[in-house]
Structures are given as structure tokens and as C-alpha cells.
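Read through the structure below, which is laid out as C-alpha cells, and then see the notes.
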Amino acid sequence: MSFGPDLVILNASVLTFDDARPRAAALAVKDGRILEVGDEGAIRAMAGQGTEVIDAGGGTVLPGFIDSHVHLFGGSVELDYLDLSGVTGFDAVTAAVRARAARDRSARLIFAVQADYGMFGRGHRTTRHDLDRVLPDRPFAMFASDHHTIWANTAALELAGILGGGATEPGSEIVMGPDGRAEGELREPGAYARVLALTPYGGRDLAGLVTGRNPEPPASAAERARDLDALRRGLRHCASHGITGLHNMDGNFYTMELLAELDAAGDLICRTEVPFHYKSVDSLERFEDAEEMRRRWAGDRLWCHRVKMFMDGVIESRTALMIQPYPGSDHTGDAVFTPDHFDAACVEADRRGFQIATHAIGDLAVRRTLDGYGAARAANGARDARHRIEHIETLHPDDLPRFAELGVVASYQPGHAPFGHIYPAEAIAPHLHDAQKPLAYGWQSLRAAGTLVVFSTDWPVIRVDTMSTLRAACAPVALPAPWGDQRQGLMDALASMTRDNAWVEFNEHRKGRLAPGFMADIVVMKDDVERMEPDRFETTGAAVTISGGRITYRA
-19 MSFGPDLVIL NASVLTFDDA RPRAAALAVK DGRILEVGDE GAIRAMAGQG TEVIDAGGGT
41 VLPGFIDSHV HLFGGSVELD YLDLSGVTGF DAVTAAVRAR AARDRSARLI FAVQADYGMF
101 GRGHRTTRHD LDRVLPDRPF AMFASDHHTI WANTAALELA GILGGGATEP GSEIVMGPDG
161 RAEGELREPG AYARVLALTP YGGRDLAGLV TGRNPEPPAS AAERARDLDA LRRGLRHCAS
221 HGITGLHNMD GNFYTMELLA ELDAAGDLIC RTEVPFHYKS VDSLERFEDA EEMRRRWAGD
281 RLWCHRVKMF MDGVIESRTA LMIQPYPGSD HTGDAVFTPD HFDAACVEAD RRGFQIATHA
341 IGDLAVRRTL DGYGAARAAN GARDARHRIE HIETLHPDDL PRFAELGVVA SYQPGHAPFG
401 HIYPAEAIAP HLHDAQKPLA YGWQSLRAAG TLVVFSTDWP VIRVDTMSTL RAACAPVALP
461 APWGDQRQGL MDALASMTRD NAWVEFNEHR KGRLAPGFMA DIVVMKDDVE RMEPDRFETT
521 GAAVTISGGR ITYRA
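Heads up, the sequence shown is in this note's numbering, so the first residue is -19 and it goes up one at a time.
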């Protein structure tokens, strides 16, 4: 029996995010907890015969990254799909799709992800006719990178039974042509669910997003085993980026059951929070199901404490809900909830003690979300609720101070921004008025106004790459006025990916800092990030990831 630490990390530049000792050179771990943080000599002396020694080589050591906005099941599954990131033009898209079709001869649907809205030319709106040219003889569909639009060819629309249109829920649309047939553009989950059902995973991966309910029909034993394997791969992929914790952004009982099975087998290597997805078609009685989800799963590695809702869509498809019409249009976007229904849902979720996270991208969607949170506070009284708004891609100046006033957390994905090195400004600029641009993706503006800001990726919308997020936050592309300057300092950005993401999940007393007694969720970086130029952050990454004292990744 060993009385020394299980593991020590030496020769490190430790950023603890603990005010009592902000920096150190080494630390020790025992029984899944941090035993001591200190200088090199003292920690080295603690090591016994059975202690594993990790030499950080001068690299930064941090609390493990917590990605506070991911779609774990969908991201895991999409590791298998054709990835069209950066593929543009008919020739390139056709070559990639037909090569995949030749390889997957038995697939009933060829499915691709990460398609760009302007992949066939900026300003050209993709239709089924474009995709018929790409793959004329088999069903083919592709997901937009933001996962709010699917484009399908004629064969795929026929197979899904929606070539002639079909019923959708509020905020969703099967875009129809003048010939009375679907044009191939399916906006939002309520429109594209029947195409997702044709994918190799049968849409089970996104059932928690599309319906909030379990897959119908239930998964077979073989399908369930396939789903578990996909989740194992996805979790290992997350751990390879230094991630020890995840806040999932879609959920159902089936997802929870899969993750619980992985947890029981020791395979849930990233602690995961899963929300209850409350839809605009749900009555308030459905919060009884949320209570059951919270009761059944309340562990250290898997839990439910949050309700997720959608207020609108996205800017690129002009489904984000705006105060004034889009440029050159009389259209203000699509509301998913009516204000009264959303307010009532917020009041009920808050009354039951749930945290709320709401997708709100347009400035009117953000305003209505703040109104809903304000209604909950007025009805139930002020409490430490830590309600969140996700994305906040546009924000009216009048609503800037309301975040701090209501104690609302601003949840951002720096890689989404037109200055985040992934999406070009010209893709989003035509959809915004100049007056909207100074506060667009305005995380620094909100931080300066006293709002707690947390960072994440929204994987698989963008890669679950912590260093890409850090670069986007600290070294954004310089855009001309009237775009705002939202550049972050390194320590603020790192805090928004570690300590503050632990706080927003109500775990600030157990994780998110490197201090004695805290969970041993740790990442050892390959380099000292404080000595790096921020524009080079993507050249480094995790050398070792540790979750609960267990090494989950080693480069």
C-alpha cells in the first residue's frame, strides 16, 4: 500500500486560478483529488515508489478545460461522416461526394457535414437542383456547419417523403418553390428531422436536439452498441484537446442512458452535464420529465441540472430573430417561442430550481430571453440561478447592462465570430446593419459591463479545439469599423474556459481550480502558452489530460 501521491507533475508552469496561490511549479494527486500544489522540491520529495511522475517540460499546467457548449452525441457521430470543411465549388464538392458514394455503396443516404452556405458561390442559394448535379442517382444531403440547415437533393427529399412539403413546427421551414415542390433547403430541426432519420445513425444522435425525446422507434441492440462506440470515440477526441468536462446542449433519456452505461464501464472520461430540452410544442407539464431526469442522474461524472430552450435560428439563413428587418428585406427572422409561452416556461423551470440555457442569436431573441429570465425573477424572487444565454451574436445597446442586472451568464463561442479565423466576415456582413456590428459577438463588451463570460466551441459546429478557441479570443482577425474590438487577455480567456465554466455549473468549490482537495481534472500543455504569440496558439495543444486523477490522453 502506497501512502505517497498517485501522480505528481513536475517542471511545470502551473496556473492554478486559485487566489490563495495563483502560480506554482508542481502538484501532487491522490485518490482522484489534488493533494498539494507547491514548489518543485517539496512535491518531488512527496513521490514514492509507486508514484507516476509527469515531467511537464516547462509547459503550462491548468485546470482541465470544460467545453461549456457541445453536442456530444452529434459531434461523436460526425467523426464518421464526409467532412466538407473548406470544400467549395461544384467540381470540388462533386469529387468529394462521389468518392464517398463509391466507398459507401450500400448507404441509403450519402450524408455530409460542415457545408458552407456559400459553397457554390457567395450569394448563391443552394437548392436540390445543385445537389442533383453533384450526385444525381442517389439520395444525398448535407448539413450546414451551424447545423440549422440541411440541403437535400431530389432523391433524398423523395426518400424522406417531403418533396411535396410537409408539416413543421414553429421556427422551422421546408422552403418551397414556385412549382409546389420543396427546393431542397430545410431550415431548423422541425424541417429536417425526416432527412436525419435516413442517416446511418437514424437521427438518434440528434433526437435530443430535434425533439427532446427518445428515438422512435427505440434503438436495437446493434444500434445501441454502435451509438456507444461513437460516444467512446467522441469522448477520446475531446480528451485529446485537454477537455475534462462537457456541458451538452441537447438531451433526452436515451442519451443519458448511454452515458450512464459508459460511466459504469469507466469510459465516461469527460464529466458531462446533459440538459432537459424543452420545446415550444411542449406544455408546462413536461417539466415533470425534467424532474425525473434530474433525479435519476446526479453524480460527479454525469448529471442534469439544466433546461435548454431555443428562441430563434441563425443569421446566415435569416432565421435569427431581429428587432429590425434584415437589410434589403421586410423579414425579421423566426420566433421559436411566443413571448408568453417562453416567459411561462422560464418561470416554471426557475420555480423548480433548474438553471436555464437559451439559444438566442438575434438581438430581439436576446431581448426576449432576458425578458423571460426577468419574469422568472419577478415571479419567484431573486436567487443564484446562473441562467445563461448561448451565442448572443447580436445585441442591442439597451440590453447590454441587463445581463449584469439580472445575473445572466453570457456563453460565447469565439470561433463563430467573423473575426474568429474560421468564418469570413463577408459571409455574415450582408445580413447585419452597420449599427449592429459594434456589439456583434461582443464578449469583451459584456465582460467590461460586469457580465460573467464563458467560452466554448459548440462542437460539431466547429472543431472541439480548445486552442482554436483561445486563438480566436486572444488574437481575433482585425476587422474595420464599425465591427467592435473584442480581443481578450490570455488569463481572462483561460478563466472563461476553466474556472468560470466550473462556476457556471455550480461546481466552483470542487473543480476549475488547482488547489488541495479539488477534483484532479488537469491538462498539461505541450508549451508554456504565456510565452507564445497568441496567433500561434493552434500550434500547441494538450500533452497529457487527467480526469479524476486518471490519465485520459497522452500525446
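Note that CB positions come from ideal geometry on N, CA and C, so glycine has one too.
Since this is a predicted model, take the numbers as computed values, not measurements.
Going by CA-CA distance only, name the one from the options that's closest to residue i.
i, options, result
"Tyr172", "Arg193, Asp159, Ile130", "Ile130"
"Ala390", "Arg363, Trp483, Asp330, Gly464", "Trp483"
"Thr312", "Arg276, Gly342, Asp(-1)", "Gly342"
"Gln424", "Val33, Val294, Ala453", "Ala453"
"Arg382", "Ala429, His371, His221", "Ala429"
"Val433", "Asp414, Pro460, Thr478, His401", "Thr478"
"Tyr421", "His371, Val457, Ala458, Leu386", "His371"
"Pro398", "Arg467, His51, Arg427, Arg368", "Arg467"
"Leu450", "Asp465, Trp463, Leu474", "Leu474"
"Ser309", "Leu226, Gly395, Pro410, Asp320", "Pro410"
"Ile295", "Ala124, Val67, His109", "Ala124"
"Ile46", "Asp209, Ser436, Arg1", "Ser436"
"Ala359", "Pro377, Asp330, Gly246", "Asp330"
"Ala205", "Asp185, Cys218, His217", "Asp185"
"Arg493", "Val(-12), Phe(-17), Glu16", "Glu16"
So, helix, strand or coil for residue i, using DSSP?
i, result
"Ser152", "coil"
"Gly354", "helix"
"Met(-19)", "Model confidence at Met(-19) stands at a pLDDT of 47, short of 50, so the residue's coordinates are unreliable; what they give is reported in the following sentence. Here Met(-19) sits in coil by DSSP."
"Ser391", "strand"
"Asn232", "coil"
"Glu268", "helix"
"Val503", "strand"
"Arg348", "helix"
"Val441", "coil"
"Met477", "helix"
"Leu226", "strand"
"His339", "strand"
"Arg534", "strand"
"Val457", "coil"
"Ala420", "coil"
"Leu(-13)", "strand"
"Ile408", "helix"
"Leu432", "coil"
"Leu536", "There is no way to answer for residue 536, as the model of the chain reaches only from -19 to 535."
"His396", "helix"
"Ala245", "coil"
"Met289", "strand"
"Thr449", "helix"
"Leu282", "strand"
"His256", "In the sequence as presented, His is not what sits at residue 256; that position holds Phe. The answer is strand: DSSP assigns Phe256 an E or B state."
Do residue i and residue j have their C-beta atoms closer together than 7 Å?
i, j, result
"Asp323", "Arg347", "no"
"Pro43", "Val9", "no"
"Pro119", "Ala135", "yes"
"Thr338", "Asp314", "no"
"Arg213", "Ser65", "no"
"Gly157", "Glu163", "yes"
"Ile303", "Thr532", "no"
"Glu20", "Ala5", "yes"
"His221", "Val50", "no"
"Phe267", "Arg332", "yes"
"Asp126", "Val441", "yes"
"Asn481", "Ser200", "no"
"Thr374", "Gln416", "yes"
"Leu176", "Gly170", "no"
"Gly354", "Leu386", "yes"
"Leu62", "Arg80", "yes"
Taking only beta-carbon positions, decide if residue i is within less than 7 Å of chain C.
i, result
"Glu168", "The structure shown contains no chain C; it is built from a single protein chain."
Compute the minimum distance between the beta carbon of residue i and the heavy atoms of the ligand MN, and state whether it is under 6 Å.
i, result
"Ala27", "Only the bare structure without any ligand can be found here, which leaves the ligand MN out of the picture."
If we count Cβ pairs, one from each stretch, closer than 8 Å, do we get three or more for the segment 22 to 38 versus the segment -12 to 2?
The segment -12 to 2 and the segment 22 to 38 touch, with three or more beta-carbon pairs separated by less than 8 Å.
Where are the alpha helix (DSSP H) runs, 4 residues long or more, that stay fully inside the segment -6 to 80, in chain order?
Secondary structure in the segment -6 to 80: the alpha helix (DSSP H) runs of 4 residues or longer, each lying completely within the stretch, are 20 to 26, 52 to 58 in chain order.
At 4 residues or longer, and completely inside the segment 78 to 165: list those alpha helix (DSSP H) runs for me, N to C.
The qualifying runs are 108 to 114, 134 to 140.
Touching or not, the segment 281 to 297 and the segment 254 to 272, by the rule of three or more beta carbon pairs under 8 Å?
These segments touch.
Can you list, in chain order, the stretches of the alpha helix (DSSP H) that have 4 or more residues and sit fully within the segment 163 to 188?
Secondary structure in the segment 163 to 188: the alpha helix (DSSP H) runs of 4 residues or longer, each lying completely within the stretch, are 169 to 176 in chain order.
Using 8 Å as the cut-off, can you tell me whether the segment 397 to 408 makes contact with the segment 316 to 330, which would need three or more C-beta pairs spanning the two stretches below that distance?
Because the criterion of three Cβ pairs below 8 Å is not met, the segment 397 to 408 and the segment 316 to 330 do not touch.
Does the pairing of the segment 518 to 525 with the segment 502 to 510 give three or more beta-carbon distances under 8 Å?
They touch, by the three-pair rule.
Taking contact to mean at least 3 C-beta pairs separated by less than 8 Å, is the segment 233 to 242 in contact with the segment 273 to 287?
Three or more pairs of CB atoms, one per stretch, sit closer than 8 Å, so the segment 233 to 242 contacts the segment 273 to 287.
Where are the beta strand (DSSP E) runs, 3 residues long or more, that stay fully inside the segment 302 to 341, in chain order?
Fully enclosed beta strand (DSSP E) runs of no fewer than 3 residues occupy 335 to 340 of the segment 302 to 341, in order along the chain.
If we count Cβ pairs, one from each stretch, closer than 8 Å, do we get three or more for the segment 107 to 123 versus the segment 78 to 88?
Touching, yes, given that three or more Cβ pairs across the two stretches are closer than 8 Å.
Between the segment 441 to 449 and the segment 492 to 501, do three or more beta carbon pairs fall short of 8 Å?
The answer is no - the segment 492 to 501 does not touch the segment 441 to 449, with fewer than three Cβ pairs under 8 Å.
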